[in-house]
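Q:
Number of protein chains: 2
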Amino acid sequence: MTSGELQDWADRVAARDRRAMGRAISAVENGEVEAAALLKLLFERALEADVVGVTGSPGVGKSTLVEKLAAEYRRQRQGVGIVAVDPTSPFSGGAMLGDRIRMQSLAADDGVYIRSMATRGELGGLAPTAHDVVTVLEAAGCRTVLIETVGVGQDEVQVAHLASATVLVLAPGMGDDIQTFKAGVMEIADVFAVNKADRLGAGKVQQELDAMLTISPRPDGWRPPVVQTIATTGEGVSALCEAIAEFHAFGERTGLKRQRRRQKCRGRLLSLLRQRLFEQVYRELRDGAVDRWVDEVLDRRSDPHSAVEAMVRAGPGQ
Amino acid sequence: MTSGELQDWADRVAARDRRAMGRAISAVENGEVEAAALLKLLFERALEADVVGVTGSPGVGKSTLVEKLAAEYRRQRQGVGIVAVDPTSPFSGGAMLGDRIRMQSLAADDGVYIRSMATRGELGGLAPTAHDVVTVLEAAGCRTVLIETVGVGQDEVQVAHLASATVLVLAPGMGDDIQTFKAGVMEIADVFAVNKADRLGAGKVQQELDAMLTISPRPDGWRPPVVQTIATTGEGVSALCEAIAEFHAFGERTGLKRQRRRQKCRGRLLSLLRQRLFEQVYRELRDGAVDRWVDEVLDRRSDPHSAVEAMVRAGPGQ
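See below:
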C-alpha cells in the first residue's frame, strides 16, 4: 500500500466512512502490516474521547444499559462508539458471543459505531488492540466510546485502565457472597449502577454499597455515586450519564484525570511493547519450531525455561 | 546462590518443606533471578498433577466448593495444592482479596498447600507464573492442584488452558441473561456444578444446562456432566469428584488428554516467551525512559506506535 493510499484510508476514516472504519478495525485486530502505519495517521486526526468502561457479571443487563447510554449520548449530539469485548473461545479462537444481533435500536443511527472484539488467540494482546480500536473511533469523531466487558478478571482491569471512567453494573439477586465480590471490584468502579432496580433486593444492594463506600473511602477522595437503573425501560439512564459527567468534572478539578491519562498512556505503551517484541520472535519461529520445543518438553528432554531461553537465542537481532 | 544451594532448595521442596515451597513460589511470583534455575531442577522432580480449574461468577460459592473438593482428594490420600487467583488491584498492585483467612478446615492438614496469587502488575504474566507455581506444587508431590479463578475473562480462559479439567460453578438466581452467560463460558466447562442446589431455581439451571448441552454438543464428543452441590454441607462433592475423574478417563481413552497436554505445553512456552522478551527490554528501559515516551505521546510529539518502535530499537541485542 502506498503512503497516498494510506492517507486516503485515514481521511475516509476521519470522514466516518463505515467501510473504511471497519477495514481499519479489522486491520488492527488481525495485526496486519499496514495497521501501525495507519494508526500513526489516525492518531494525528484523533481527538481524545471520553472512554467509559461498563463492566459487571453476566446477566446484570450490561448490553441493554450500554444501548441506552449510547442513545443518551446521541441526544447530546455526540458521535458514539461501542466496543463489546467478548471472551475468546479456546476452541474457535473467535469472539464467543460473536457479532451479536443486538442494540437494534441503534442500528439505523449513523452517529453510532458498534463493534465486537476478542483477543487474537495465541497472539494475545487484548489491551493494545482495544487501545488501537479506540484510536480508530476517535479519529472518526466519536466523542464518547463505551466499552462493555464481562466480569472482573485481569482483562477487565486492563480494559478499565483504558477507560476515563468505569461503571460497575450490579443487579439484585447475585448471591450472598457479595462481600467477596465487592472486595474484588470496588476499586475499579468510578460509578455504580444498580440495574433491574424494580426487582426485590435492589434497595439492599444500594444499602450494602453505601455502607461499603462509607467504611472504605477511596484514596483519591472520589465517592463513587450509586445510581439505580432499569435498562429495559431507560429509567435512571440520564442520571447515570450525569454521574459519569460528575466524575469527569471531579477528575478535571483535582488532577485525577491528568494522572489517569498518564497511567493509561504508560499502560498502552508497555502492552504494545510486549506485543511487538513477541510478534517479532514469533514470526521468526513459525515453521514448526514451537512444536518441536513442545515435543522436547513433553518428552522431558527439556524443561519450559530452557526451551524458551533457546527460542530467545534463536530470535532476531541475536 | 551456588548450584549446591539451589539443589538443596529443590530437594527441600521435594520433601514438602513448607518454608522452601513458600520461598520458591515467592521467587516465581516476583521474577527473582534464581527462579528459572530452580524451576529447571523442580521440573525434573515434578510428576504431572491433575490440574482442576474451578471458575464461575463471584458469589456462587467457589471457595467453599474448592475447600470441600480438597478434603475429598485428601480422603483419597493425595497431596493437594490450592491456588486462588485474585484480580490485581489497579491501585495497590497486590491481590485484591489478599491472603484470605479461609479454608480453615484445611489449615492443619500437612498434605494441603494453599496459596493466593495475583498478576505482577505492570510486568503482567499471570499465565506463565501460574504454570510455574503448579510446577512447584507438583515437585512437592501434589497429585491434584485446584486452581480457583473469578469470572470468565481472558485470564480465566488462559488459566483454563493450564487445567486438565475445568469445573464451571453456577448458582440459582444469577439473573435472566443466562443465555449470554452460557454462550460465553460453556466451551471452557468440562464439568458443571450447580451449587446452592437447595435454593429455589436450582432445577431450572439444571434444565437449562441440559437443554443447552443437547442443542450444542461439543466437537470432541464429551458431554459435560451437571452435578448438583451444596458446598456448605459437602453434599454432592464426591459426585463432583467422580465426574472430574470420568472426564479424565474419557480424555485418556480418546486421546483428548494428550491433545490438551500439547496445547497446554504450547501455551506455556509461548506465554513464557512473551514474558521473557518483555522483561529483557523492560529492564534496559528503566531509568525514566518509559516516562519520557509517555510525555512525548501525551504532548502529541509522538504516537504510541512510533514510541514503541523506538523503544524496541533501544532494546538489548539491537
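Taken in order, these protein sequences are the chains called X and D.
Take the first sequence: its position 301, counted from the start at 1, is 1311 in my numbering, and no numbers get skipped.
Take the second sequence: its position 42, counted from the start at 1, is 1052 in my numbering, and no numbers get skipped.
Don't be surprised by glycine CBs; every beta carbon is placed ideally from N, CA and C.
Because the structure is a prediction, the values reported are computed rather than measured.
1. Kindly indicate which residue of X:Trp1019, X:Pro1182 and X:Leu1172 has the alpha-carbon position closest to the one of Ala1047 (chain X).
2. Just verifying my parser: in three-state terms, what is the DSSP assignment at Glu1042 (chain D)?
3. Apart from the five residues just before and just after Pro1227 (chain D), which ones in its own chain have a Cβ nearer than 8 Å to its Cβ?
4. Taking the alpha-carbon of His1315 (chain D) as reference, which of X:Leu1180, X:Val1023, X:Gly1041 and X:Asp1021 has the nearest alpha-carbon?
5. Exposed or buried, which one is Lys1072 (chain X) when buried takes at least 16 other CB atoms within 10 Å?
6. Looking at the structure shown, is Thr1065 (chain X) part of a helix, part of a strand, or coil, going by DSSP?
7. In chain X, which residues lie with their C-beta within 9 Å of the C-beta of Val1201 (chain D)?
8. Our contact map puts Asn1205 (chain D) next to Ala1241 (chain D) with C-beta atoms below 8 Å; I'd like the distance itself, whole angstroms only.
9. Is there a C-beta anywhere in chain D that falls below 8 Å from the one on Gly1183 (chain X)?
10. Listed in chain order, which residues of the region 1255-1279 of chain X have Cβ atoms closer than 7 Å to some Cβ of chain D?
11. Is the shortest distance between the beta-carbon of Ala1317 (chain X) and the beta-carbons of chain A less than 8 Å?
12. Does the beta-carbon of Thr1012 (chain X) have 16 or more other beta-carbons within 10 angstroms, so that it is buried, or is it exposed?
13. Helix, strand or coil for Met1011 (chain X) per DSSP?
14. Rank D:Gln1269, D:Thr1154 and D:Asp1120 by C-alpha distance to the C-alpha of Ile1092 (chain D) and give the top, closest one.
15. In chain X, which residues lie with their C-beta within 7 Å of the C-beta of Pro1227 (chain D)?
16. Could you list which residues in chain X have their beta carbon closer than 7 Å to that of Pro1234 (chain D), in chain order?
17. When you compare the CB of Arg1208 (chain D) with every CB in chain X, is at least one pair closer than 8 Å?
18. Which of the residues in the region 1019-1049 of chain D, read from start to end, lie with their CB under 7 Å from any CB of chain X?
19. Going along chain D in order, which residues have a C-beta closer than 7 Å to the C-beta of Asp1309 (chain X)?
20. Which two residues bound the contiguous alpha helix (DSSP H) that contains Ile1124 (chain X)?
21. Any chance the region 1261-1279 of chain D sits against the region 1263-1279 of chain X, with 3 or more Cβ pairs inside 8 Å?
22. My parser needs the alpha helix (DSSP H) runs of 4 or more residues fully inside the region 1252-1279 of chain D; what are they?
23. Give the C-beta separation of Val1122 (chain X) and Val1090 (chain X) to the nearest angstrom, bearing in mind that I take them to be a contact with Cβ-Cβ under 8 Å.
24. Considering Gly1213 (chain D), what are the terminal residues of the alpha helix (DSSP H) in which it resides?
25. Using a Cβ-Cβ cutoff of less than 7 Å, which residues in the same chain neighbour His1171 (chain D) once the five nearest sequence positions on both sides are dropped?
26. Nearest chain D C-beta to Leu1287 (chain X) closer than 8 Å, yes or no?
27. When you compare the CB positions of Leu1075 (chain D) and Val1201 (chain D), do they come within less than 8 Å of one another, or not?
28. Using a Cβ-Cβ distance under 8 Å, would Val1177 (chain X) count as near chain D?
29. Would DSSP call Thr1176 (chain D) helix, strand or coil?
30. Give the straight-line distance between the Cα atoms of Pro1182 (chain D) and Gln1217 (chain D), rounded to the nearest whole angstrom.
31. Looking at the structure shown, is Glu957 (chain D) part of a helix, part of a strand, or coil, going by DSSP?
32. Can you say whether Asp1142 (chain D) is buried or exposed, counting buried as having 16 or more other CB atoms within 10 angstroms of its CB?
33. Whole angstroms are fine: how far does the CA of Asp1305 (chain D) sit from the CA of Met1031 (chain X)?
34. Let's test the definition: count the other Cβ atoms within 10 Å of the Cβ of Lys1078 (chain D) and tell me whether it reaches 16, buried, or not, exposed.
35. Kindly list the residues whose CB is nearer than 7 Å to the CB of Glu1058 (chain X), restricted to its own chain and excluding five residues on each side of it in sequence; keep chain order.
36. Going along the chain, which residues of its own chain have a beta-carbon closer than 7 Å to the beta-carbon of Asp1313 (chain X), five neighbours each way excluded?
A: In short:
1. The candidate whose alpha carbon is nearest that of Ala1047 (chain X) is X:Trp1019.
2. Three-state DSSP puts Glu1042 (chain D) in coil, outside helix and strand.
3. Here the set comprises Arg1233.
4. Measuring from the Cα of His1315 (chain D), the nearest candidate turns out to be X:Gly1041.
5. With 16 or more other Cβ atoms from the protein chains shown falling within 10 Å of its own Cβ, Lys1072 (chain X) counts as buried.
6. When secondary structure is reduced to three states using DSSP, Thr1065 (chain X) falls in the strand class.
7. Using a Cβ-Cβ cut-off of 9 Å, Val1201 (chain D) is close to nothing in chain X; its nearest Cβ partner there is about 16 Å away.
8. With 8 Å as the limit, Asn1205 (chain D) and Ala1241 (chain D) qualify as a contact, their Cβ atoms being about 5 Å apart.
9. Yes, Gly1183 (chain X) counts as interfacial toward chain D.
10. Within the region 1255-1279 of chain X, the residues whose Cβ lies closer than 7 Å to some Cβ of chain D are Arg1271, Arg1272, Cys1275, Arg1276, Arg1278 and Leu1279, listed in chain order.
11. Looking for chain A here will not work: the only protein chains present are X and D.
12. It counts as exposed.
13. Correct three-state label for Met1011 (chain X): coil.
14. Cα-wise, what sits closest to Ile1092 (chain D) is D:Thr1154.
15. Chain order gives no chain X residues near Pro1227 (chain D), where near means a beta carbon separation below 7 Å; the closest approach is about 13 Å.
16. Residues of chain X with a Cβ closer than 7 Å to the Cβ of Pro1234 (chain D) do not exist; the shortest Cβ-Cβ separation is about 14 Å.
17. For the record, residue 1208 (chain D) in the displayed sequence is Asp; it is not Arg. For Asp1208 (chain D), the answer is no, since every Cβ of chain X falls outside 8 Å of its Cβ.
18. From the region 1019-1049 of chain D, only Ala1046 and Leu1049 have a Cβ closer than 7 Å to chain X.
19. The contacting residues do not exist; Asp1309 (chain X) stays about 10 Å from chain D at best.
20. Element bounds for Ile1124 (chain X): not the alpha helix (DSSP H) but the beta strand (DSSP E), Val1122 to Met1127.
21. With fewer than three CB-CB distances shorter than 8 Å, the region 1261-1279 of chain D does not count as touching the region 1263-1279 of chain X.
22. Segments of the alpha helix (DSSP H) lying fully in the region 1252-1279 of chain D: there are none.
23. About 5 Å; that satisfies the 8 Å criterion.
24. Taken as a continuous stretch (DSSP letters only), the alpha helix (DSSP H) holding Gly1213 (chain D) covers Ala1212 to Ile1225.
25. Apart from the 5 residues on each side of it in sequence, His1171 (chain D) sits with its Cβ closer than 7 Å to the Cβ of Gln1273, Lys1274 and Gly1277 in its chain, given in chain order.
26. Yes, Leu1287 (chain X) lies at the interface with chain D (some Cβ there is under 8 Å from its Cβ).
27. Note that the C-beta distance between Leu1075 (chain D) and Val1201 (chain D) is not below 8 Å.
28. For Val1177 (chain X), the answer is no, since every Cβ of chain D falls outside 8 Å of its Cβ.
29. Here Thr1176 (chain D) carries a strand assignment [DSSP, helix/strand/coil].
30. Straight-line Cα distance between these residues: approximately 12 Å.
31. The structure shown does not extend to residue 957 (chain D), since chain D spans only 1011 to 1328, so no value can be given for it.
32. With 16 or more other Cβ atoms inside 10 Å of its own Cβ, Asp1142 (chain D) counts as buried.
33. The alpha-carbon separation between Met1031 (chain X) and Asp1305 (chain D) amounts to approximately 28 Å.
34. With 16 or more other CB atoms across the displayed protein chains lying within 10 angstroms of its CB, Lys1078 (chain D) is buried.
35. When the five nearest sequence neighbours on each side are left out, the beta carbons in the same chain lying within less than 7 Å of the beta carbon of Glu1058 (chain X) are those of Glu1148, in order along the chain.
36. Answer for Asp1313 (chain X): Val1307, listed in chain order.
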